[in-house]
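Start counting the sequence shown at 7; every next residue gets the next number (full-length UniProt numbering).
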Amino acid sequence: TPRVFSGIQPSGGLTLGNYLGALKRFVDMQNAGTHECIYCMVDLHAITVWQDPAKLTAATREAAAFFIASGIDPERSILFNQSQVSGHAQLGWLFSCVARMGWMGRMTQWKDKAGKNSENASLGLFAYPALMAADILLYHATHVPVGEDQKQHLELTRDIAAKFNHDFGVDFFPITEPVIEGPATRVMSLRDGTKKMSKSDPSDMSRINMGDDADTIAQKFRKARTDPEALPSDYAGLKERPEARNLVDIFAALSGRSTDDVMSEVGGMGWGQFKPMLADLAVDKLSPITGEMNRLMADPAEIDRILGRGAERADAIAAPILARTKEIMGFVASR
Ligand code: TYM
Numbered sequence: 007t008p009r010v011f012s013g014i015q016p017s018g019g020l021t022l023g024n025y026l027g028a029l030k031r032f033v034d035m036q037n038a039g040t041h042e043c044i045y046c047m048v049d050l051h052a053i054t055v056w057q058d059p060a061k062l063t064a065a066t067r068e069a070a071a072f073f074i075a076s077g078i079d080p081e082r083s084i085l086f087n088q089s090q091v092s093g094h095a096q097l098g099w100l101f102s103c104v105a106r107m108g109w110m111g112r113m114t115q116w117k118d119k120a121g122k123n124s125e126n127a128s129l130g131l132f133a134y135p136a137l138m139a140a141d142i143l144l145y146h147a148t149h150v151p152v153g154e155d156q157k158q159h160l161e162l163t164r165d166i167a168a169k170f171n172h173d174f175g176v177d178f179f180p181i182t183e184p185v186i187e188g189p190a191t192r193v194m195s196l197r198d199g200t201k202k203m204s205k206s207d208p209s210d211m212s213r214i215n216m217g218d219d220a221d222t223i224a225q226k227f228r229k230a231r232t233d234p235e236a237l238p239s240d241y242a243g244l245k246e247r248p249e250a251r252n253l254v255d256i257f258a259a260l261s262g263r264s265t266d267d268v269m270s271e272v273g274g275m276g277w278g279q280f281k282p283m284l285a286d287l288a289v290d291k292l293s294p295i296t297g298e299m300n301r302l303m304a305d306p307a308e309i310d311r312i313l314g315r316g317a318e319r320a321d322a323i324a325a326p327i328l329a330r331t332k333e334i335m336g337f338v339a340s341r
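This is the structure we're talking about:
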């Protein structure tokens with residue numbers, strides 16, 4: 007069976023972008039029943055920028071609660087945190103010797119995050135995509151559902167797999183398919199339709215946070231930036247209207263409908279009518295998740311138990327693949 011792997015950084019501040027671009031689709035893939043699904047809180051990735059230890063612990067449990075509250079069943083899927091399966095760090099090192107400096111230096115996320123002060127960025131931030139390739143290939147995952155912003159990292163994962171196979175004359179690591187689908191692969195800021203919705207935007211009004219209450223959600227959509235025109239009659243009419251299109255995309259993703267279907271209902275509406283409808287829909291879909299997250303987080307020992315059990319199951323898949331990788335590379339093993 008095809009195998010899915012995806013991850014999310016437990017660095018605090020989960021947004022509607024994470025939900026629609028990632029979590030909701032993870033749940034759909036699990037429920038389709040056609041894939042074996044492995045989902046990971048990538049705590050080793052989070053520490054590429056400074057994390058307060060107590061906050062990292064809390065954010066890891068919060069992210070796990072987000073998965074479960076959104077519909078991931080830790081029995082059917084494997085749910086764990088990266089640092090508990092040592093194969094990630096080990097294969098990450100091996101891949102940092104396969105990947106080239108030039109490949110890493112071309113990553114737009116590196117350039118954005120390190121900015122002009124790259125001398126002062128951590129070495130891990132630069133090597134980040136090699137660890138991400140390791141996450142995926144440690145399980146021979148064939149499909150990786152992500153938002154649009156991860157596309158370049160997944161291309162690099164393919165390059166690493168191909169170079170490893172070529173360098174060692176094997177056909178061992180699969181060439182992974184990115185799964186970037188649906189109306190919400192790039193949820194945009196509510197204040198600027200050209201920027202991604204992100205937890206690091208200084209304006210809280212630019213995003214919906216998982217955990218925002220009903221009034222806050224309604225207010226954020228009411229104040230969301232738009233042009234003054236009413237909605238056009240069809241989706242093509244949104245082409246040059248990024249803010250308007252973003253709100254329609256969010257509506258479609260939340261309701262699980264196609265954008266064409268949504269436009270046949272809301273085409274011609276003014277913002278005074280559409281925005282409250284969108285806010286109601288968002289509250290309807292998000293508040294049960296928030297409620298369930300709060301209930302789960304009240305019992306951190308239970309979350310830790312679930313993650314520990316997930317890590318054992320993940321390790322059972324990873325260990326033979328890592329052992330074979332080391333054998334291919336010529337490392338002497340004990341007999
Ligand atoms: P991270 O933690 O930044 O984001 C987690 C997931 O949420 C998606 N996402 C969005 N999708 C649509 N619109 C948005 N505004 C938006 N913001 C975030 C991301 O695309 C991602 O799918 N490098 C990864 C974590 C990672 C990983 C992996 C992913 C590490 N190893 C292996 C897949 C496979 C990251 O930083 O995601």
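Quick reminder that beta carbons are idealized off the backbone N, C-alpha and C, glycines included.
Q. Looking at Ala324 and Gly93, is the spacing between their C-beta atoms short of 7 Å?
A. As a working mapping, residue 93 is identified with position 87 in the sequence shown. As a working mapping, residue 324 is identified with position 318 in the sequence shown. Their beta carbons are under 7 Å apart, which means Gly93 touches Ala324 by this criterion.
(Q) So, for Thr329: in the same chain, excluding its five sequence neighbours on each side, which residues have a beta-carbon less than 8 Å away from its beta-carbon? (A) On the sequence shown, residue 329 is found 323 positions in, with the first residue counted as 1. Here residue 329 is Ala; the residue named in the question, Thr, does not match the sequence. Result list for Ala329: Ala339, in chain order.
Q | Close beta carbons around Ala120, own chain, < 7 Å, minus the five adjacent residues each side | A | The residue given as residue 120 occupies position 114 in the sequence shown. The beta carbon of Ala120 sits closer than 7 Å to the beta carbons of Ala127, Leu131 from its chain, once the five residues preceding and following it are set aside; these are given in chain order.
Q | At least three beta-carbon pairs within less than 8 Å, the segment 64–72 to the segment 110–125 | A | Taking a contact to require three or more Cβ pairs closer than 8 Å, the segment 64–72 and the segment 110–125 do not qualify as touching.
Q. Got a sec? Which residues, its chain only, sit under 7 Å from Lys291 by beta carbon, not counting five neighbours each side?
A. As a first step, residue 291 is located in the sequence shown; it is residue number 285 there, counting from the start. The beta carbon of Lys291 sits closer than 7 Å to the beta carbons of Leu260 from its chain, once the five residues preceding and following it are set aside; these are given in chain order.
Q: Rounded to whole angstroms, what's the CA-CA distance from Val104 to Glu187? Just pull it up for me.
A: The residue labelled residue 104 in the question sits at position 98 within the sequence shown. The residue labelled residue 187 in the question sits at position 181 within the sequence shown. Note on geometry: alpha-carbon atoms of Val104 and Glu187 lie some 30 Å from one another.
Q.
Any heavy atom of ligand 1 closer than 6 Å to the beta-carbon of Ile14?
A. Here the question's residue 14 lines up with position 8 in the sequence shown. The closest heavy atom of ligand 1 lies less than 6 Å from the beta carbon of Ile14.
Q. Ordered along the chain, which non-local residues of its own chain (more than five positions away) have a Cβ less than 6 Å from that of Phe227?
A. Counting from one through the sequence shown, the residue named residue 227 turns up at place 221. Same-chain partners within the cutoff: Lys281, Leu284, Ala285.
**Q.** Helix, strand or coil at Lys202 according to DSSP, with G and I counted as helix
**A.** Position 196 of the sequence shown holds residue 202. Three-state DSSP puts Lys202 in a strand.
**Q.** Counted within 10 angstroms of its Cβ, other Cβ atoms place Asn123 as buried (16 or more) or exposed
**A.** Working through the sequence shown from its first residue, we reach residue 123 at position 117. Burial is judged here by how many other beta carbons sit within 10 angstroms of a residue's own beta carbon; Asn123 has fewer than 16 and is exposed.
Q. Grouping DSSP H, G and I as helix and E and B as strand, with all else coil, what is Arg9?
A. Reading the sequence shown from its first residue, position 3 is the one you call residue 9. The DSSP-derived three-state label of Arg9 is strand.
Q. To which residues of the same chain is Gln225 closer than 6 Å at the C-beta, ignoring the five residues directly before and after it?
A. In the sequence shown, counting from the first residue as 1, residue 225 sits at position 219. So no residue of the chain qualifies.
Q: Going by DSSP, name the residue or residues bridged to Asn87.
A: The residue given as residue 87 occupies position 81 in the sequence shown. Asn87 pairs with Met47.
Q) Taking the C-alpha atoms as reference points, what is the distance between Asp34 and Asp210? A) For the purposes of this step, residue 34 is taken as residue 28 along the sequence shown, with counting starting at 1. For the purposes of this step, residue 210 is taken as residue 204 along the sequence shown, with counting starting at 1. For Asp34 and Asp210, the distance between alpha carbons rounds to 29 Å.
(Q) Which same chain residues end up closer than 7 Å to His41 when comparing Cβ atoms and leaving out the 5 residues on each side of it in sequence? (A) Counting from one through the sequence shown, the residue named residue 41 turns up at place 35. Cβ contact annotation for His41 (same chain, cutoff 7 Å, sequence separation greater than five): Thr7, Pro8, Arg9, Val10, Met35, His149, in chain order.
Q: Check Ile14 in the structure and name its three-state DSSP category.
A: For this step, residue 14 is matched to residue 8 along the sequence shown. The three-state reading of DSSP puts Ile14 in strand, counting E and B together.
(Q) On the criterion of 16 or more Cβ atoms from any shown chain inside 10 Å, does Ile181 qualify as buried, or is it exposed? (A) Walking along the sequence shown from the start, residue 181 turns up at place 175. With fewer than 16 neighbouring CB atoms inside 10 Å of its own CB, Ile181 falls in the exposed class.
Q: In the DSSP assignment, find the beta strand (DSSP E) that holds Pro184 and state where it starts and stops.
A: The residue given as residue 184 occupies position 178 in the sequence shown. Following the DSSP letters along the chain, one finds Pro184 inside the beta strand (DSSP E) bounded by residues 183–185.
Q) Does the distance from the CB of Ser212 to the CB of Leu196 come in under 7 Å? A) Position 206 of the sequence shown, counted from the start, is the residue given in the question as residue 212. Position 190 of the sequence shown, counted from the start, is the residue given in the question as residue 196. In contact: Ser212 and Leu196 (Cβ atoms closer than 7 Å).
Q: Can you give me the start and stop residues for the beta strand (DSSP E) that Pro149 sits inside?
A: By 1-based counting over the sequence shown, the position of residue 149 is 143. Note that residue 149 is His in the sequence shown, not Pro. His149 -> beta strand (DSSP E) spans 149–151.
Q | Paired residues, beta bridge with Glu42 - DSSP | A | As a working note, residue 42 is residue 36 in the sequence shown. Looking at the DSSP assignment, Glu42 forms a beta bridge with Arg9.
Q) Using CA coordinates, which residue listed in Gly276, Leu160, Ile44, Leu244 is at the minimum distance from Asp266? A) Locating residue 266 in the sequence shown gives position 260, where the first residue counts as 1. Put simply, of Gly276, Leu160, Ile44, Leu244 the residue whose alpha carbon is nearest the alpha carbon of Asp266 is Leu244.
Q: From the DSSP output, in three-state form, read off Met113 for me.
A: Counting from one through the sequence shown, the residue named residue 113 turns up at place 107. In this structure, Met113 counts as coil in the three-state DSSP scheme.
Q | Contact check, Thr222 vs Ala250, beta carbons under 7 Å | A | Taking the first residue of the sequence shown as 1, we reach residue 222 at position 216. Taking the first residue of the sequence shown as 1, we reach residue 250 at position 244. No, these two residues do not count as a Cβ contact at 7 Å.
Q.
Are the CB atoms of Met303 and Thr21 within a distance shorter than 7 Å?
A. By one-based count along the sequence shown, residue 21 stands at place 15. By one-based count along the sequence shown, residue 303 stands at place 297. Not closer than 7 Å, so no.
Q: Express the C-alpha separation of Gly175 and Ala288 in angstroms, rounding to a whole number.
A: Here residue 288 is taken as the residue at index 282 of the sequence shown, counted from 1. Here residue 175 is taken as the residue at index 169 of the sequence shown, counted from 1. Cα to Cα, the separation comes out at about 51 Å.
Q. Going by the C-beta, is residue 3 closer than 6 Å to any heavy atom of ligand 1?
A. This structure cannot speak to residue 3, because the chain is shown only from 7 to 341.
Q.
How far does the alpha helix (DSSP H) with Ser76 in it extend, from its first residue to its last?
A. For the purposes of this step, residue 76 is taken as the residue at position 70 of the sequence shown. Looking at the DSSP string, the run of the alpha helix (DSSP H) that includes Ser76 is 59–76.
Q: Look at the Cβ atom of Tyr145, then the Cβ atom of Ile44, and state whether they are nearer than 7 Å.
A: Indexing the sequence shown from 1 puts residue 145 at position 139. Indexing the sequence shown from 1 puts residue 44 at position 38. Note that the C-beta distance between Tyr145 and Ile44 is below 7 Å.
Q. Which residues mark the beginning and the end of the alpha helix (DSSP H) in which Asn215 is found?
A. Taking the first residue of the sequence shown as 1, we reach residue 215 at position 209. It is not in any alpha helix (DSSP H) - Asn215 carries neither H nor E in the DSSP assignment.
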